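Colleague:
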Amino acid sequence: MSDFNNTDLQSHFDENGYIAINPLFSDNKIEEIKIELTRYIKEVAPKVPDHHVFYENKDDKSTIKQLQQMFTYDDYFKDLIENSSIREVAEIVLREKAEPQNLQFFNKPPGIGKPTPPHQDGYYFMLKKHNAVTCWLALEKS
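Sequential numbering from 246 applies to the sequence shown in my numbering.
#1: The beta strand (DSSP E) spanning V298 covers which residue range?
#2: Going by beta-carbon coordinates alone, are M371 and L348 separated by less than 8 Å?
#3: Checking 8 Å against the spacing of the C-beta atoms, do H297 and L312 come in under that value?
#4: When the Cα atoms are used, what is the spatial distance from Y318 to A290?
#5: Three or more C-beta pairs closer than 8 Å, one from the region 319–339 and one from the region 277–289: is that the case here?
#6: How would you write the range of the beta strand (DSSP E) that Q311 sits in, first residue to last?
#7: Does F249 come out as helix, strand or coil in the three-state DSSP assignment?
#8: Could you name the residues of the same chain whose beta carbon sits closer than 7 Å to that of G262, not counting the 5 residues immediately before and after it, in chain order?
#9: Using the beta-carbon count (16 or more within 10 Å), is M246 buried or exposed?
#10: Roughly how many angstroms separate the alpha carbons of E260 and G367, rounded to a whole number?
#11: Could you tell me the distance, in whole angstroms, from the CA atom of I266 to the CA atom of T308?
#12: Assign F270 to one of three DSSP states: helix, strand, or coil.
#13: Could you check where the alpha helix (DSSP H) with L339 kicks off and where it finishes?
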């Protein structure tokens, strides 16, 4: 277990609907994740079904904008979602065991692509029980 203050995290989440932990991971862990992401894009993504890889330009495989279900296809990302502080924080704010549903990569460089419209993730995830939390990890300054 980490040093998170469960009561403070729960209270802030209940009041505001979000929490921000900066940093959630050490700089070394973020660099490790970036290296693993590069490996995933190079080695794993080409084998992933089309409905889990999206491109800005479908004819240019270097324009990946989104990867879905990464933990389904790769042990590193499976361990990241199941055994890291990501899951721990989710369980703190949900006050129950978290069941990971997706681990996605979004690539949104400035000046290209379309904005994401306001939405509720529960609708897109087609959850029967809407007691859920989405965690977002920035790998670079945003």
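By construction, the Cβ of each residue, glycine as well, lies at the ideal position given by its N, Cα and C atoms.
Just so we're clear, the structure is a prediction, and the values are computed from it rather than from any experiment.
Modeller: This is what the structure gives:
#1: V298 to Y300
#2: no
#3: yes
#4: 9 Å
#5: yes
#6: I309 to L312
#7: coil
#8: none
#9: At M246, the pLDDT of 41 sits below 50, so the modelled position is not reliable; the number obtained from the coordinates is stated separately. The residue in question, M246, is exposed, as its Cβ has fewer than 16 Cβ neighbours within 10 Å.
#10: 20 Å
#11: 30 Å
#12: coil
#13: S330 to L339
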